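**Student:** Residue numbers (the numbering used here), protein chains in the order written: chain A, 89 to 404; chain B, 2 to 290.
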Amino acid sequence: MSLAEPAALPVAAAVPPRLHIVARFSARFKVSLPAYLLLLPSLVFLALFTYGAMGRVLIDALYQRATPKAPLRFVGLDNIAAVLTDPAFTGAVVNNLIYAVGTAIPSIGLALLFALALARTNFVTSALRAALFLPVLIPMVAASALFLFIFLPNVGLLDYYIGRLLPVVPNWLGDPDIALYAIMIITIWKNAGYYMLFFLAGLQSVPEDVMEAAHLDGAGPLMRLRYIILPELKPTFLFVTVIAILNAVTQVDHVFVMTKGGPSNATNLVLFYIYQQAVEHYDIGKASAATLLTLAALMALTALSFRTMANREGGA
Amino acid sequence: MKLIDALYKDVPLATRNEITPKLGFALTILLALAWLIPFLWMGVATLRPASDGINLMAELMPSLKPTLDNIRDAWEIGDFPRYFLNTTIICTGILLVQFVTITLAGFAFARLEFAGKSLIFYLFLMQLMLVPVLLIVPNLRIIAQFGLYDTLAGVMMPFFASAFGTFLMRQAFEAIPTELEDAALIDGASLFQRIRHIYVPLSIPSFSAFAIISVTSHWNDFLWPLMVINSPDKRPLTVGLSVFTATAEGTQAWGTIAAGTLMVIAPLLITFLVFQKRFISSFVTSGIK
Numbered sequence: 089m090s091l092a093e094p095a096a097l098p099v100a101a102a103v104p105p106r107l108h109i110v111a112r113f114s115a116r117f118k119v120s121l122p123a124y125l126l127l128l129p130s131l132v133f134l135a136l137f138t139y140g141a142m143g144r145v146l147i148d149a150l151y152q153r154a155t156p157k158a159p160l161r162f163v164g165l166d167n168i169a170a171v172l173t174d175p176a177f178t179g180a181v182v183n184n185l186i187y188a189v190g191t192a193i194p195s196i197g198l199a200l201l202f203a204l205a206l207a208r209t210n211f212v213t214s215a216l217r218a219a220l221f222l223p224v225l226i227p228m229v230a231a232s233a234l235f236l237f238i239f240l241p242n243v244g245l246l247d248y249y250i251g252r253l254l255p256v257v258p259n260w261l262g263d264p265d266i267a268l269y270a271i272m273i274i275t276i277w278k279n280a281g282y283y284m285l286f287f288l289a290g291l292q293s294v295p296e297d298v299m300e301a302a303h304l305d306g307a308g309p310l311m312r313l314r315y316i317i318l319p320e321l322k323p324t325f326l327f328v329t330v331i332a333i334l335n336a337v338t339q340v341d342h343v344f345v346m347t348k349g350g351p352s353n354a355t356n357l358v359l360f361y362i363y364q365q366a367v368e369h370y371d372i373g374k375a376s377a378a379t380l381l382t383l384a385a386l387m388a389l390t391a392l393s394f395r396t397m398a399n400r401e402g403g404a
Numbered sequence: 002m003k004l005i006d007a008l009y010k011d012v013p014l015a016t017r018n019e020i021t022p023k024l025g026f027a028l029t030i031l032l033a034l035a036w037l038i039p040f041l042w043m044g045v046a047t048l049r050p051a052s053d054g055i056n057l058m059a060e061l062m063p064s065l066k067p068t069l070d071n072i073r074d075a076w077e078i079g080d081f082p083r084y085f086l087n088t089t090i091i092c093t094g095i096l097l098v099q100f101v102t103i104t105l106a107g108f109a110f111a112r113l114e115f116a117g118k119s120l121i122f123y124l125f126l127m128q129l130m131l132v133p134v135l136l137i138v139p140n141l142r143i144i145a146q147f148g149l150y151d152t153l154a155g156v157m158m159p160f161f162a163s164a165f166g167t168f169l170m171r172q173a174f175e176a177i178p179t180e181l182e183d184a185a186l187i188d189g190a191s192l193f194q195r196i197r198h199i200y201v202p203l204s205i206p207s208f209s210a211f212a213i214i215s216v217t218s219h220w221n222d223f224l225w226p227l228m229v230i231n232s233p234d235k236r237p238l239t240v241g242l243s244v245f246t247a248t249a250e251g252t253q254a255w256g257t258i259a260a261g262t263l264m265v266i267a268p269l270l271i272t273f274l275v276f277q278k279r280f281i282s283s284f285v286t287s288g289i290k
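Take a look at the structure:
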């Protein structure tokens with residue numbers, strides 16, 4: 089018995105299966121090839137502008153220039169630290185949180201009211217649905233142009249009809265304490281009709297016979313809403329909340345047109361901050377670091393919402 | 002009373018006399034009217050002559066001497082025909098390329114088995130959350146590297162692949178009976194012929210739903226074209242309108258702003274009013290764009 093013999097055995101035994109795996113793999117690849125070719129055009133663009141872009145952000149966030157003309161150098165987490173200690177960024181995050189809560193809750197509440205009131209289809213409800221849906225269609229920039237006049241001090245629509253009833257006429261967009269809320273009104277006006285559609289779709293799954301049975305048991309309209317309709321709409325609520333939060337992060341066109349983040353950063357939101365860093369200050373490092381932080385927050389939200397959805401399905 | 006009876010004729014008799022739903026309905030009517038006020042003002046202000054002065058600008062009662070001067074001014078100050086053309090090119094270009102990419106990818110997911118299917122599926126799924134507008138900074142760098150800065154192609158490119166469209170087409174293709182394809186297979190039709198002559202013609206409703214969502218969202222895009230486009234003659238409508246508004250705001254020309262806004266949103270509003278049902282059902286499927 090030489091030492092070589094026992095070692096030779098396993099090697100000899102291992103070679104054929106490995107060849108076998110390669111052959112199987114290439115056979116599978118051959119079978120899969122048509123599918124890969126069909127997916128290729130989409131994958132190229134996904135690779136460039138979604139995953140490539142994410143890689144790009146990761147790398148760009150690690151580099152910085154000392155002066156605008158200086159060469160790039162590796163700075164590690166300095167950009168992230170610089171963003172996190174920038175009062176403009178933390179201010180934008182706080183604004184964005186207020187903005188997200190302050191737009192999501194009223195627009196979802198209104199959407200539910202609209203859907204409940206307009207669940208039946210006839211000519212009146214169709215017309216009302218269309219009226220509530222119109223703002224969804226128009227560009228945020230166009231909505232901003234209209235609301236610029238609505239909020240105009242003294243001669244604007246709001247002051248002309250309502251402002252004169254108030255003791256002091258507020259400067260809707262010029263007062264740092266009010267401007268963010270004025271911006272929120274536009275978002276609520278624009279999005280409530282969109283969320284209404286999902287509630288209208290969700291309401292169709294509320295069983296009519298259960299509603300009737302509840303009525304026979306003496307449940308009034310509010311009781312039926314509380315114990316039958318709302319539980320049935322839970323998945324719709326979750327879904328619409330996720331969209332509303334996404335919108336709160338991604339819709340900043342009106343900030344650009346109406347306030348440019350002012351007065352004194354009172355309406356600055358995270359995406360507008362990113363835009364400012366990249367376009368106005370040419371600071372790609374900081375813009376990338378802020379993008380990275382926003383992406384991380386959104387992905388955490390996604391994971392959370394998927395988990396909640398999975399739990400709910402598992403529980404039910 | 003007759004009108005109310007007509008509205009409530011399909012409500013179960015037992016609950017027809019409840020008050021709370023009627024209060025909710027009344028509140029909704031009031032709010033729907035309030036929702037229309039900005040549009041109403043836009044129409045009234047567009048037709049109001051400048052001679053009415055700034056103090057009557059907010060008046061919602063139409064002027065007795067309507068004029069088209071504001072529309073003419075807006076048309077002359079802003080380069081709207083050019084903006085229209087640019088937006089049309091952008092929306093059509095994106096849509097045409099998307100039709101190809103989503104048809105092919107949707108077919109692969111619906112009908113083919115391949116290694117790594119679920120992994121690739123998740124790669125697509127993730128795109129739904131990684132909204133392109135968040136990636137404006139890196140995407141601008143990529144577009145610049147391709148030499149597409151300040152071009153319409155640069156505005157279009159990040160949207161050429163659409164996860165939402167792919168899922169929509171996958172769903173549509175899965176609903177088509179395989180017997181149809183088998184018959185074509187026996188007749189010797191190639192893969193592309195089967196997609197072209199069986200799957201695509203039977204999925205037109207899904208294509209049109211996707212077209213509505215895609216065109217409306219890119220018609221309304223602002224921040225991304227604002228970053229990519231530098232030359233005034235390549236601006237899309239939204240960017241053009243924002244520049245126009247900033248200029249006219251300085252001179253307090255609110256009638257002109259109203260007219261400009263009206264021109265920008267009129268095409269979408271008219272299309273919506275004509276194809277209302279189709280728009281609404283498409284937006285319901287859109288969920289996350």
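For every residue, glycine included, the Cβ atom is placed at its ideal position computed from N, Cα and C. Treat the numbers as computed from the prediction; the structure is a model and nothing was measured.
#1: Can you tell me which of A:Val340, A:Val119, A:Gly290 and A:Leu131 puts its alpha carbon nearest to the alpha carbon of Tyr123 of chain B?
#2: Taking 7 angstroms as the limit between beta carbons, can you name the residues of its chain near Ile91 of chain B, skipping five residues before and five after?
#3: Within a Cβ cutoff of 7 angstroms, which residues of the same chain sit near Met299 of chain A, ignoring the five residues on either side of it in sequence?
#4: Round the Cβ separation of Ala354 of chain A and Leu268 of chain A to the nearest angstrom and send it over; I've been treating them as touching at under 8 angstroms.
#5: What is the C-beta distance between Asn167 of chain A and Lys374 of chain A, in whole angstroms, given that I count them as a contact (C-beta under 8 angstroms)?
#6: Below 9 angstroms between beta carbons: does that hold for Leu261 of chain A and Thr347 of chain A?
#7: Hey, does Phe370 of chain B have any beta-carbon neighbour from chain A nearer than 9 angstroms?
#8: Answer yes or no: do Gly140 of chain A and Pro139 of chain B have a C-beta to C-beta separation smaller than 9 angstroms?
#9: Measuring only between beta-carbons, confirm whether Arg70 of chain B sits less than 9 angstroms from chain A.
#10: Among the candidates B:Pro226, B:Ile266 and B:Asp183, whose CA atom is the shortest distance from the CA of Ile137 of chain B?
#11: Please go through the same chain and pick out, in chain order, the residues whose beta-carbon is closer than 6 angstroms to the beta-carbon of Thr329 of chain A, but skip the five residues on each side of it.
#12: Using the DSSP secondary-structure output, state which residues sit across from Arg161 of chain A in a beta bridge.
#13: For a contact meaning CB atoms closer than 7 angstroms, what does Gly140 of chain A contact in chain B?
#14: Check the Cβ-Cβ distances between Ala176 of chain B and every residue of chain A, and say whether any is below 9 angstroms.
#15: Helix, strand or coil: how does DSSP classify Ala207 of chain A here?
#16: Taking CB distances under 9 angstroms as the criterion, tell me whether Ile372 of chain A reaches chain B.
#17: Can you give the Cα-Cα distance for Ile289 of chain B and Gly54 of chain B, rounded to whole angstroms?
#18: Just mark Arg49 of chain B as buried or exposed, buried being the case when its beta carbon has 16 or more other beta carbons within 10 Å.
#19: Give the range of the alpha helix (DSSP H) segment to which Phe168 of chain B is assigned.
#20: Which runs of the alpha helix (DSSP H) at least 4 residues long sit entirely within the segment 191 to 267 of chain B? Give them in chain order.
#21: Buried or exposed: where does Phe394 of chain A fall if 16 or more other Cβ atoms within 10 Å of its Cβ makes it buried?
#22: Does the beta carbon of Leu131 of chain A sit closer than 9 angstroms to a beta carbon anywhere in chain B?
#23: So that I know if they touch, is there some Cβ in chain B lying closer than 9 angstroms to that of Asp341 of chain A?
#24: Give me the chain A residues within the contact set of Asn221 of chain B, using Cβ-Cβ distance strictly less than 9 angstroms, ordered along the chain.
#25: Does the beta-carbon distance from Ala111 of chain B to Phe211 of chain B come in below 9 angstroms?
#26: Anything in chain B within Cβ reach of Ser437 of chain A, meaning under 7 angstroms, just list it in chain order.
#27: Can you confirm whether Asn140 of chain B, when its beta carbon is compared against all beta carbons of chain A, has any partner nearer than 9 angstroms?
#28: Going by beta carbon distance, what residues of the same chain come within less than 7 angstroms of Val181 of chain A, once the five residues before and after it are set aside?
#29: Which chain A residues are close to Asn56 of chain B, counting only those with a beta carbon under 8 angstroms from its beta carbon?
#30: Assign Ala391 of chain A to one of two classes, buried (16 or more other C-beta atoms within 10 Å of its C-beta) or exposed (fewer than that).
#31: Strictly below 8 angstroms CB to CB, what residues from chain B border Phe162 of chain A?
#32: Report the neighbours of Trp260 of chain A on chain B: residues whose CB is nearer than 9 angstroms to its CB, in chain order.
#33: Okay, do the segment 270 to 281 of chain A and the segment 192 to 204 of chain A touch, 3+ Cβ pairs below 8 angstroms being the bar?
#34: Would Pro39 of chain B and Ile238 of chain A qualify as a contact pair, given that the criterion is a beta-carbon distance under 9 angstroms?
#35: Here's the rule: buried if 16 or more other CB atoms are within 10 angstroms of the residue's CB, otherwise exposed. What is Gly166 of chain B?
#36: Quick one: list the residues of chain A neighbouring Met1 of chain B, beta-carbon separation under 8 angstroms, in chain order.
**Tutor:** Working from what's here:
#1: Against the second sequence, residue 123 of chain B aligns to sequence position 122. Per the C-alpha coordinates, the member of A:Val340, A:Val119, A:Gly290 and A:Leu131 positioned closest to Tyr123 of chain B is A:Leu131.
#2: Here the question's residue 91 of chain B lines up with position 90 in the second sequence. By the criterion of a C-beta distance shorter than 7 angstroms, Ile91 of chain B is surrounded in its chain by Leu153, Val156, Met157, His219 and Pro237, once the five residues flanking it on both sides are discounted.
#3: Translated into the one-based positions of the first sequence, residue 299 of chain A becomes position 211. Contacts found: Arg312 and Ile316.
#4: Residue 354 of chain A sits at position 266 when you count from the first residue of the first sequence. Residue 268 of chain A sits at position 180 when you count from the first residue of the first sequence. Separation of the CB atoms of Ala354 of chain A and Leu268 of chain A is rounded to 6 angstroms, and the pair is thereby assigned contact status at 8 angstroms.
#5: Mapped onto the first sequence, residue 167 of chain A falls at position 79. Mapped onto the first sequence, residue 374 of chain A falls at position 286. Contact flag correct, Cβ pair sits at about 6 angstroms.
#6: Start at 1 with the first residue of the first sequence, and residue 261 of chain A comes out as number 173. Start at 1 with the first residue of the first sequence, and residue 347 of chain A comes out as number 259. Yes, the Cβ-Cβ distance between Leu261 of chain A and Thr347 of chain A is below 9 angstroms.
#7: The structure shown does not extend to residue 370 of chain B, since chain B spans only 2 to 290, so no value can be given for it.
#8: Mapped onto the first sequence, residue 140 of chain A falls at position 52. Mapped onto the second sequence, residue 139 of chain B falls at position 138. Cβ atoms of Gly140 of chain A and Pro139 of chain B: closer than 9 angstroms.
#9: Residue 70 of chain B sits at position 69 when you count from the first residue of the second sequence. Residue identity check: residue 70 of chain B is Asp in the sequence provided, not Arg. No, Asp70 of chain B does not count as interfacial toward chain A.
#10: Against the second sequence, residue 137 of chain B aligns to sequence position 136. Of the candidates B:Pro226, B:Ile266 and B:Asp183, the residue whose Cα lies closest to the Cα of Ile137 of chain B is B:Pro226.
#11: On the first sequence, residue 329 of chain A is found 241 positions in, with the first residue counted as 1. Answer for Thr329 of chain A: no residue qualifies.
#12: Position 73 of the first sequence, counting from 1, holds the residue named residue 161 of chain A. Paired residues: A:Gln152.
#13: Along the first sequence, read from residue 1 onward, the residue named residue 140 of chain A stands at position 52. In chain order: Ile143.
#14: Counted from its first residue, the second sequence places residue 176 of chain B at position 175. No, Ala176 of chain B does not count as interfacial toward chain A.
#15: For this step, residue 207 of chain A is matched to residue 119 along the first sequence. Ala207 of chain A sits in coil when the DSSP states are folded into three classes, being neither helix nor strand.
#16: As a first step, residue 372 of chain A must be located in the first sequence, where it is residue number 284. Yes - at least one Cβ of chain B is within 9 angstroms of the one on Ile372 of chain A.
#17: The sequence position of residue 289 of chain B within the second sequence is 288, counting from 1. The sequence position of residue 54 of chain B within the second sequence is 53, counting from 1. Any reading at Ile289 of chain B must be qualified, since the residue scores a pLDDT of 45, below 50, and its modelled position is unreliable; the value itself is stated next. Each residue's Cα considered, the two are about 45 angstroms apart.
#18: The residue labelled residue 49 of chain B in the question sits at position 48 within the second sequence. Under the 10 Å beta carbon count, Arg49 of chain B is surrounded by 16 or more other beta carbons and is classified as buried.
#19: Residue numbering aside, residue 168 of chain B sits at position 167 when the second sequence is read from its first letter. Note, Phe168 of chain B: alpha helix (DSSP H), Ala164 to Glu175.
#20: Correct list: 192 to 195, 205 to 221, 224 to 229 and 238 to 251.
#21: Against the first sequence, residue 394 of chain A aligns to sequence position 306. Per the 10 Å Cβ criterion, exposed.
#22: To locate residue 131 of chain A, count along the first sequence from 1; it is residue 43. So yes, Leu131 of chain A belongs to the interface.
#23: For this step, residue 341 of chain A is matched to residue 253 along the first sequence. Taking Cβ atoms only, chain B reaches closer than 9 angstroms to Asp341 of chain A, which makes this a yes.
#24: As a first step, residue 221 of chain B must be located in the second sequence, where it is residue number 220. Neighbourhood of Asn221 of chain B in chain A, by CB distance below 9 angstroms: Leu225, Ile226, Pro227, Met228, Val229, Ala230 and Asp341, in chain order.
#25: One-based indexing of the second sequence puts residue 111 of chain B at position 110. One-based indexing of the second sequence puts residue 211 of chain B at position 210. The Cβ-Cβ distance between Ala111 of chain B and Phe211 of chain B does not fall below 9 angstroms.
#26: Since the displayed chain A opens at 89 and closes at 404, residue 437 of chain A lies outside it and no answer follows.
#27: Position 139 of the second sequence, counted from the first residue, corresponds to residue 140 of chain B. Yes, its Cβ sits closer than 9 angstroms to a Cβ of chain A.
#28: If you number the first sequence from 1, residue 181 of chain A lands on position 93. Excluding sequence positions up to five before and after Val181 of chain A, its CB lies within less than 7 angstroms of the CB of Val358, all in the same chain and listed in chain order.
#29: The sequence position of residue 56 of chain B within the second sequence is 55, counting from 1. Within 8 angstroms Cβ-Cβ: Val243.
#30: Locating residue 391 of chain A in the first sequence gives position 303, where the first residue counts as 1. By the Cβ neighbour-count rule, Ala391 of chain A is exposed, with fewer than 16 other Cβ atoms within 10 Å of its own.
#31: One-based indexing of the first sequence puts residue 162 of chain A at position 74. In chain order: nothing, as chain B lies at least about 17 angstroms away.
#32: For the purposes of this step, residue 260 of chain A is taken as residue 172 along the first sequence, with counting starting at 1. Identification of chain B residues near Trp260 of chain A by a Cβ-Cβ cut-off of 9 angstroms yields none; the smallest Cβ-Cβ distance measures about 13 angstroms.
#33: In short, these stretches touch, since the Cβ pair count reaches three.
#34: Taking the second sequence and counting its residues from 1, the one referred to as residue 39 of chain B is at position 38. Taking the first sequence and counting its residues from 1, the one referred to as residue 238 of chain A is at position 150. Cβ distance < 9 angstroms, so Pro39 of chain B and Ile238 of chain A count as in contact.
#35: Start at 1 with the first residue of the second sequence, and residue 166 of chain B comes out as number 165. Buried, by the Cβ-count rule.
#36: For residue 1 of chain B there is no data in the structure shown, the boundaries of chain B being 2 and 290.
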